[in-house]
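**Student:** After the structure tokens below, expect a handful of questions from me.
Numbering (the UniProt record's numbering), first residue to last: 1 to 123.
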């Protein structure tokens with residue numbers, strides 16, 4: 001039998017699903033009740049994939065950057081999004097700094113504009 005990831009949203013109304021039963025494949029024991037999934041089980045696939053890579057690289061963001069082929073500010077933004085999804089808000093100042101650096105990388109602002117925005121602390 002092919003095992004699929006546990007769904008966390010109702011396919012009919014998109015409401016959160018609760019875990020009601022657990023089953024032991026080794027002995028057939030079934031435990032019925034109301035259980036809370038851990039915070040990692042509730043992550044969307046893209047956050048879970050990033051978390052796996054982050055752990056695999058022992059938290060080395062430069063290595064994550066190399067493997068994904070994206071910029072360092074993009075990796076930091078993905079880490080911040082993961083932290084936010086887990087309930088650990090990234091600091092607003094850090095988020096703004098990453099937005100400025102990403103805008104600079106994309107060529108949307110000049111180096112002078114980036115320096116000015118970073119000095120002012122605004123995005």
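Built from N, CA and C at the ideal position, the CB exists for glycine as well.
#1: Does the structure place the stretch 63-71 close enough to the stretch 45-54 that three or more beta carbon pairs sit under 8 Å?
#2: Over what stretch of residues does the alpha helix (DSSP H) that includes residue 50 continue unbroken?
#3: For residue 84, which option in 101, 29, 9, 44 has the closest C-alpha, if you only look at C-alpha atoms?
#4: Would you please state the rounded distance, in angstroms, between the beta carbons of residue 102 and residue 77? I believe it to be under 8 Å.
#5: Could you tell me the boundaries of the beta strand (DSSP E) in which residue 34 lies?
#6: With burial defined as no fewer than 16 other Cβ atoms inside 10 Å of the residue's Cβ, what is the status of residue 5: buried or exposed?
#7: Quick check on residue 5: does DSSP put it in helix, strand or coil?
#8: Give every residue of the same chain whose Cβ lies closer than 7 Å to the Cβ of residue 34, excluding the five residues on either side of it in the sequence, and list them in chain order.
**Tutor:** Per the coordinate set shown:
#1: By the criterion of at least three beta-carbon pairs nearer than 8 Å, the stretch 45-54 is in contact with the stretch 63-71.
#2: Bounds of the alpha helix (DSSP H) holding residue 50 are 45-56.
#3: Of the candidates 101, 29, 9, 44, the one whose C-alpha sits nearest the C-alpha of residue 84 is 44.
#4: Contact between residue 102 and residue 77 holds: CB atoms are separated by about 7 Å, below the 8 Å threshold.
#5: Following the DSSP letters along the chain, one finds residue 34 inside the beta strand (DSSP E) bounded by residues 30-35.
#6: If you draw a 10 Å sphere on the C-beta of residue 5, you find fewer than 16 other C-beta atoms in it, and that means exposed.
#7: In the three-state reduction of the DSSP assignment, residue 5 falls in the coil class, being assigned neither a helical nor a strand state.
#8: Within the same chain, residue 34 has close Cβ partners 18, 20.
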